[in-house]
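Single-structure report; data block below.
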Amino acid sequence: MLKPILTVLSLIAATSIYAQDKPTVFKGALIYTVAGPPIQNGTLIVHKGKIVSTGPSDMRVPSDAVVIDATGKVIMPGLVDSHSHLGGPDGGDASAALNPDTRAMDAINPTSDGFKKALAGGITTINVMPGSGHLMSGQTVYIKMREGKIIEDLLITNEKGLYGGLKMANGTNPIRSTPGNFPGTRAKSAAMMRDLFTKAVEYKTKVDKAGGDASKMPERDLRMEPLLEVMSGKRVVHFHTHLANDILTAIRLGKEFGFKPVLHHVSEGWKVAKEIAEAGVSSSIITIDAPGGKTEAMGLSLETGAALEKEGAAVGFHTDDGITDSRLFIRGAALMVREGMGREKAIEALTLAGAKMMDLGSKVGSLEKGKDADFIILNGDPFSTYTKVEQTWVEGVKRWDIQNPKDKAFLTGGYDVFSPVRSEFHHHTGEQ
205 MLKPILTVLS
215 LIAATSIYAQ
225 DKPTVFKGAL
235 IYTVAGPPIQ
245 NGTLIVHKGK
255 IVSTGPSDMR
265 VPSDAVVIDA
275 TGKVIMPGLV
285 DSHSHLGGPD
295 GGDASAALNP
305 DTRAMDAINP
315 TSDGFKKALA
325 GGITTINVMP
335 GSGHLMSGQT
345 VYIKMREGKI
355 IEDLLITNEK
365 GLYGGLKMAN
375 GTNPIRSTPG
385 NFPGTRAKSA
395 AMMRDLFTKA
405 VEYKTKVDKA
415 GGDASKMPER
425 DLRMEPLLEV
435 MSGKRVVHFH
445 THLANDILTA
455 IRLGKEFGFK
465 PVLHHVSEGW
475 KVAKEIAEAG
485 VSSSIITIDA
495 PGGKTEAMGL
505 SLETGAALEK
515 EGAAVGFHTD
525 DGITDSRLFI
535 RGAALMVREG
545 MGREKAIEAL
555 TLAGAKMMDL
565 GSKVGSLEKG
575 KDADFIILNG
585 DPFSTYTKVE
595 QTWVEGVKRW
605 DIQNPKDKAF
615 LTGGYDVFSP
625 VRSEFHHHTG
635 EQ
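Residues in the sequence shown are numbered from 205 upward in steps of one, following this note's numbering.
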């Protein structure tokens with residue numbers, strides 16, 4: 205029986221029907237699996253939200269599959285943004301510099317049109333962070349770009365059973381000058397963080413001594429609980445840091461209290477790339493066309509990716525949206541490639557590396573059997589300035605299509621598309 209052949213650009217109506225009920229086969233594309241070398245003229249099979257297999261064009265496909273001709277296209281895993289502020293994630297307030305008990309998930313608007321902007325950029329998984337204006341701004345949340353009206357619809361749980369990490373920061377942002385609440389200096393910043401972790405060690409000792417006996421347990425402390433998860437390796441610390449000395453302080457704190465932070469931004473990471481690699485920590489870096497805005501970001505270099513790669517350090521990318529627009533995520537990696545970072549390493553940094561930084565590497569980040577069917581279809585080389593994301597698929601469902609005018613508006617639109625008034629009105633009326 206002749207299988208139906210659809211072009212990549214004519215899938216608007218068929219997406220939801222076929223994505224789950226029948227296997228869907230994409231044939232003819234250049235496929236970057238990230239788990240292995242690129243596959244020329246490859247085949248990707250997905251079913252029920254999962255990757256079934258990838259291989260050459262002549263591999264066997266299910267007899268009942270819907271076959272999509274992707275000749276001339278590029279398919280790669282959905283992008284993983286390890287640091288974003290989409291959805292309005294509030295964290296701590298000016299009452300304290302250390303707020304490990306606050307949760308971004310309690311503040312995020314899951315229907316924010318900003319998430320459509322992320323889909324337009326090919327992003328399928330995001331670490332949404334509270335800001336960096338505190339030494340500890342609160343707990344981050346890991347979300348998948350599914351369709352949903354409540355935050356629980358978007359949550360993705362990692363291998364450690366958690367749906368977020370802990371945001372920490374040092375440097376200019378959390379120093380501030382507020383009397384009595386914020387550190388004022390770098391040395392005091394580290395001292396305050398060290399003091400709270402020391403209290404957490406003491407709290408853990410009491411918990412251990414209780415031996416599971418509820419009558420002997422210390423009074424529940426919401427500030428201590430996430431820190432115990434950090435020290436046990438269960439909760440990832442995502443650490444905002446720029447200057448070389450601040451980077452080393454973050455690493456030092458991690459060694460002292462038994463955790464390996466994921467370093468975010470690392471504007472001067474190129475200065476201490478060897479030390480970062482030797483510490484065995486990961487770096488999530490950002491690309492900015494014109495570094496500045498604050499003195500500590502002046503040392504940002506587009507050669508940081510290459511420097512970390514050369515030393516063998518794990519490296520990923522992030523947008524910090526709205527610092528860098530989510531629609532330009534791939535472009536940031538392209539600029540790092542231009543300055544010496546390897547192409548395959550850069551593709552990994554956009555996908556699997558970021559997933560591993562959130563303990564999500566077994567679920568997303570590469571096109572491997574059994575992983576979530578998160579992938580994007582491009583019309584050319586990922587790092588060409590002329591290339592566009594044409595489709596974004598999440599768990600086997602097409603979530604964004606450039607051929608759909610309503611979707612394309614989020615790629616090309618400005619304030620009129622993303623204004624809060626418009627967003628709220630259209631979500632309530634259902635009008636687009």
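For every residue, glycine included, the Cβ atom is placed at its ideal position computed from N, Cα and C.
| Query | Result |
| --- | --- |
| For methionine 396, report the span of its alpha helix (DSSP H) as first-last. | 390-414 |
| Fully enclosed by the stretch 425-497, which beta strand (DSSP E) runs are 3 residues long or longer? | 441-445, 466-469 and 486-489 |
| Using DSSP with H/G/I as helix, E/B as strand and the rest coil, what is aspartate 620? | helix |
| When the distance is taken between beta carbons, is threonine 329 closer than 9 Å to glycine 569? | yes |
| Among Ser316, Gly365, Ala233 and Lys403, whose alpha-carbon lies nearest the alpha-carbon of valine 259? | It should be pointed out that residue 259 corresponds to glycine in this sequence rather than to valine. Considering only alpha carbons, the answer is Ala233. |
| Within its chain, find whatever has a CB closer than 6 Å to the CB of glycine 352; leave out the 5 residues flanking it on each side and keep chain order. | Pro314 and Leu358 |
| Return the residue from the list Thr344, Gln607, Pro334 and Phe587 that minimises the CA-CA distance to methionine 540. | Phe587 |
| I'd like to know whether the C-beta atoms of leucine 290 and glycine 326 end up nearer to each other than 9 Å. | no |
| May I ask you to report which of helix, strand or coil DSSP gives serine 419? | helix |
| Counting along the chain, where does the beta strand (DSSP E) carrying isoleucine 330 start and finish? | 327-332 |
| List, from N- to C-terminal side, the beta strand (DSSP E) runs of 3 residues or more that fit wholly inside the stretch 498-569. | 519-521 |
| Considering only residues of the same chain and omitting the five flanking positions on each side of glycine 536, which have a CB-CB separation below 8 Å? | Ile490, Thr491, Phe521, Thr523 and Thr528 |
| Going by CA-CA distance only, name the one from Thr247, Ile355, Ala395 and Ile255 that's closest to lysine 573. | Ile255 |
| Helix, strand or coil for glutamate 599 per DSSP? | coil |
| Under three-state DSSP, which class holds proline 260? | strand |
| On the three-pair Cβ rule with 8 Å, is the stretch 306-321 touching the stretch 269-278? | no |
| Along the chain, where does the alpha helix (DSSP H) containing leucine 378 start, and where does it finish? | The question names leucine, but residue 378 is proline in the sequence shown. Here the alpha helix (DSSP H) through proline 378 covers 376-379. |
| Between which two residues does the beta strand (DSSP E) harbouring glycine 246 extend? | 243-251 |
| For the beta strand (DSSP E) that contains lysine 348, what are its first and last residues? | 345-348 |
| Consult DSSP for isoleucine 581 and reduce its assignment to one of helix, strand or coil. | strand |
| Can you tell me whether methionine 373 is helix, strand or coil according to DSSP? | Checking the sequence shown, residue 373 turns out to be alanine, not methionine. In the structure shown, alanine 373 sits in a strand (DSSP, three-state: E or B). |
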